[in-house]
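What follows is a set of notes on a single structure, which appears directly below.
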Amino acid sequence: MTLPHSLATPAERLAALRGQLAQSGLHACLVPTADPHLSEYLPEHWAARAWLSGFDGSAGSLLVTADFAGLWTDSRYWVQAEAQLRGSGIVLMRAGAPDVPDALDWALAHLARGDRVAVDGRVLDLAAERRWRSALEGAGMALVLDQDPVGAIWTGRPTLPAAPVFEHLPPHACRTRADNLAAVRAAMRNHGAAWHLLSSLDDIAWLLNLRGTDVDYNPVFLAHALLDEDGVRLYVAPGKIDAGLAARLAADGVALRDYAALAADLAALPPDAALLVDPARVTAGTLSHAPQARRIEAINPSQLLKSVKNAAEADNIRAAMAQDGAALCEFFAWFEAALAAGERITEIDVDTRLSAARARRPGFVSLSFATIAGFNANGAMPHYRATGSSHAVIQGDGLLLIDSGGQYLGGTTDITRVVPVGTPSDAQRADYTTVLQAHIALARARFPEDTPSSVLDTLARMPLWRRGLDYGHGTGHGVGYFLNVHEGPQSISVRGHARPHQGMKAGMLTSNEPGLYRDGQWGIRIENLVLAVPAGQTGFGSFLEFETVTLCPIDTRCVVRERLSADEIAWLDAYHARVRECLLPLVDGAARDWLLARTEAL
C-alpha cells in the first residue's frame, strides 16, 4: 500500500486506514485510548485515537469499518467531541445516552459472520479482550490482536520519550524500596504466586521510589517490572537510568533490562509458573507472551499499599497543601484586583498566572493535570480546556470555575473553586449553595472503617437530589503521593461497585467534588482533598471521618446564607478559620489581605 506523503486531516487518515484494513483482510478496527501500561494520560507515541480522529479528550474509543467511523465517549466530552469531529466523517456516539449501543453491540449488529476485527493487543486491557473475543466468536467473527493497522499508516509517529528516571528521596520518600518490596512479596505469598508482573506505571514508580517525566502530569516513566522472591527485573529503555542510580537499585535486588526484553523473559518463565497479574492493569498483548504461565488474577498489592498514606506522608501532604493554598491566595489576589481594574483577562490567562504562582512554591515539580478554567457556559463542561483558538474572555456577569492541581515532592494536589464575576444571578447562587451543601455533607461524614467507598457517594448527592438535580461524574477519586492525581482503589461514585478492595481505610486520600452543570449556562464544582482518619471505636467497630487537607477559601459571595443550616455554617466557618491559621505565615501583601477578607466568618 502506498501512502500519501501527508495525512493532514482525520478524513485523510480514515481513508488511509480503510485502505490498510482492506489490504490486510480486516473488516473493522477498534482504537481505544490506551498504551501498553493502560495509563490515563498517554505519551504522544501511543495517542493513536487522538491522531486518527482529531478528538483529544482523555477518554473514548474509535471504531472504523469500510463505511462507518464512530467515536464513543462519555458525557464529559460530548460538546468538545462534537466540535473536534466536525468535518472528519466520524460520528459522535454519546456513550451512556439512551438508545446508544456501545461499540461492541454496534459491531455485533452491523458486521457479518466471518468478519475480522483488529485492535492492537498491546493496548487492550484483559477484561475488554475477553468481552470482545467471547462476543465476536459467538457471532462467528474473529478478534485480531497481532496487527496494528493505525501504526502501519501513521507517518511521522512520535518516538517513545527518553527523559531520565530520577529517585524519590527522603524526607519526601517516607518508605524504603526494601520495605515496599517486602510488603508486595508478602502479598504474593498470600496469593500463592512465585512471580508478579507489573505494567502500571504508578505501581512501578511507588514500588521502587522512582519517578520520571514520560507522561504529562504524572511523574512516572515507561517501564514494566517482573518480580520473584529473590529479585526484580525492571524493563526500561537504555540510558534512562544513570550508573549511580543503577547501582543503588542493584543493591536492593533490582536488575535493569531493556524495555523490549519483557516479551522474551515472559516466554521463558517456567511451565505452569504461578504469575500474579491485575487484569485491570495489564494488557492482553503483554500477557500473550506467557501462555504457559498459571495466572493468579487479583488487584496489584501495590495499589492497596500505596493508597494508605502513612503518618509521615500525611504530614508532607499537609505541608504541600499549605504551599498550594498560598499559591492560590497569590493568584486570586491578582485576579480580583485585575478584574476590578478592568484588565482584559482570558481563561488562558488564568492558567498561565495560576501555574506561575504554583511554580514559585517550594517543592513544586509540575502541574498534576491540565488546568480547567471555564467561564459561564464553558464551566458546564467538566473536562473543558481553553486553547489558543477557543477560549473565553472573563467579563460581564457569571461564574468562573477553576479546577487545578500541582505535583509537589511531598504530595499531589487537586482543587476546584468557583468565583463570581460581576453579579451572579439568583439561580446561580441557589445552585452554588446546593453544591456547597453537598460538599459539606461528605466532608462531615462519619462511617465504619472498610465501608465501600462507593456507598459514600449518596451523602453528597442528597442535597441535589432533593431539588431534582444531579451530576454525571463521580464524587471522589483517590489521589497519589507525588504520583497520579487519579488513583485507586477507592472511588466515591454512584456507578461504583462495593468490591472488597474498595473499602475506605484510614490514610486514604480522596477528592470531595460534587458538582452541578447547566449546559450552555454555567458549571459549579467545589473540590477539596480529604484524608480518612480514625474517628473512634464503639461497640459497633472502628469509625473513620474525613480531615479536609486542601487549604483555600471557599468563596462565600455566592452563598445564600439562609439556605444553610447552623451545622453547615459552623463547618464552613471552622474550615475558614483553619485555612487562615495555616496560610497566614506563608503569604504577605495583597495575598495576605485577600486571605483575611475571604476567610471572614459567615
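Read the sequence shown against my numbering and you will find it ends at 1010, with the numbers running on by one and no gaps.
Every residue, glycine too, gets a C-beta built ideally from N, C-alpha and C.
On the premise that Arg852 lies in contact with Ile962, defined as a C-beta separation below 8 Å, what is that separation, rounded to the nearest angstrom? That pair is no contact at about 14 Å.
If distances are taken between C-alpha atoms only, which option among Arg457, Phe855, Leu470 comes closest to Ala436? It is Leu470.
Which value, in whole angstroms, describes the spacing of the CA atoms of Asp636 and Gly818? 30 Å
Answer yes or no: does any C-beta atom of chain D fall closer than 8 Å to that of Arg793? Among the chains of the structure shown, chain D does not appear; only one protein chain is present.
On the DSSP letters alone, give me the boundaries of the beta strand (DSSP E) that His1018 sits inside. Outside the displayed range of the chain (409 to 1010) lies residue 1018, so it cannot be described from this structure.
Would DSSP call Thr410 helix, strand or coil? Any reading at Thr410 is ruled out, since the residue's pLDDT is 49, under 50, leaving its predicted position unreliable.
Counting only the same chain and skipping the five closest in sequence on each side, list residues whose C-beta sits under 7 Å from that of Leu512. Arg539, Trp540, Ala543
Would you say Ala998 and Ala669 are within 8 Å of each other, going by their C-beta atoms? no
Using only the alpha-carbon positions, how far apart do Leu411 and Arg426 sit? Note that Leu411 scores a pLDDT of 48, beneath 50, so its modelled location is shaky and nothing firm can be said.
List the residues that DSSP assigns as beta-bridge partners of Met501. Trp480
Please report the distance separating the alpha-carbon of Gly497 from that of Trp459. Roughly 14 Å separates the two Cα atoms.
Using three-state DSSP, classify Val558 as helix, strand or coil. Here Val558 sits in helix by DSSP.
For Phe476, collect the residues of the same chain with a Cβ closer than 8 Å to its Cβ; drop the 5 residues on either side in sequence, then sort them by chain order. Val499, His518
Given this structure, state the Cα-to-Cα distance separating Ala720 from Leu713, to the nearest angstrom. 15 Å
Going by C-alpha distance, which of Pro444, Ala682, Gly884, Arg421 is nearest Gln700? Ala682
For Gln431 and Met409, the rounded distance between their alpha carbons: Interpretation of Met409 is limited by its pLDDT of 49, a score under 50 that renders its predicted location unreliable; the figure taken from the coordinates is listed afterwards. Distance between the alpha carbons of Met409 and Gln431: 7 Å.
Looking only at C-alpha atoms, which of Phe772, Gly880, Trp979, Gly830 sits nearest to Phe890? Phe772
Could you name the residues that DSSP lists as bridge partners for Asp407? Outside the displayed span of the chain (409 to 1010) sits residue 407, for which this structure offers no information.
Contiguous alpha helix (DSSP H) assignments of at least 4 residues, all confined to the region 629-694: 651-659, 670-675
Alpha-carbon to alpha-carbon, Thr694 and Arg641: Rounded to whole angstroms, Arg641 to Thr694 spans 15 Å at the Cα level.
Limits of the alpha helix (DSSP H) - the one that Glu755 falls within: 755-767
The region 863-882 / the region 984-992 touching (three or more Cβ pairs under 8 Å): no
Taking DSSP as the reference, what is the three-state secondary structure of Met596? helix
Helix, strand or coil for Thr621 per DSSP? coil
Going by other Cβ atoms of all chains shown within 10 Å of its Cβ, with 16 needed for buried, is Phe777 buried or exposed? Result: buried.
Reduced DSSP category for Pro993 - H, G, I as helix; E, B as strand; rest coil: helix
DSSP bridge partner residues for Tyr925 (one or two, in chain order): Gly931
Quick check on DSSP: helix, strand or coil for Ala467? Three-state result, Ala467: coil.
Cut-off 7 Å between Cβ atoms - residues of its own chain near Phe740, not counting five sequence neighbours on either side: Around Phe740: Trp1002.
So, is Ser812 buried or exposed, given that buried needs 16 or more other C-beta atoms within 10 angstroms? buried
Measuring alpha carbon to alpha carbon, tell me which residue in Val644, Ala595, Asp858 is nearest Lys913. Asp858
Does the Cβ-Cβ distance between Ala672 and Leu664 come in under 8 Å? no
Exposed or buried, what is Glu1008 when buried is set at 16 or more other beta-carbons lying within 10 Å of its beta-carbon? exposed
With a 10 Å radius around its C-beta and 16 neighbouring C-beta atoms as the bar for buried, classify Leu553 as buried or exposed. buried
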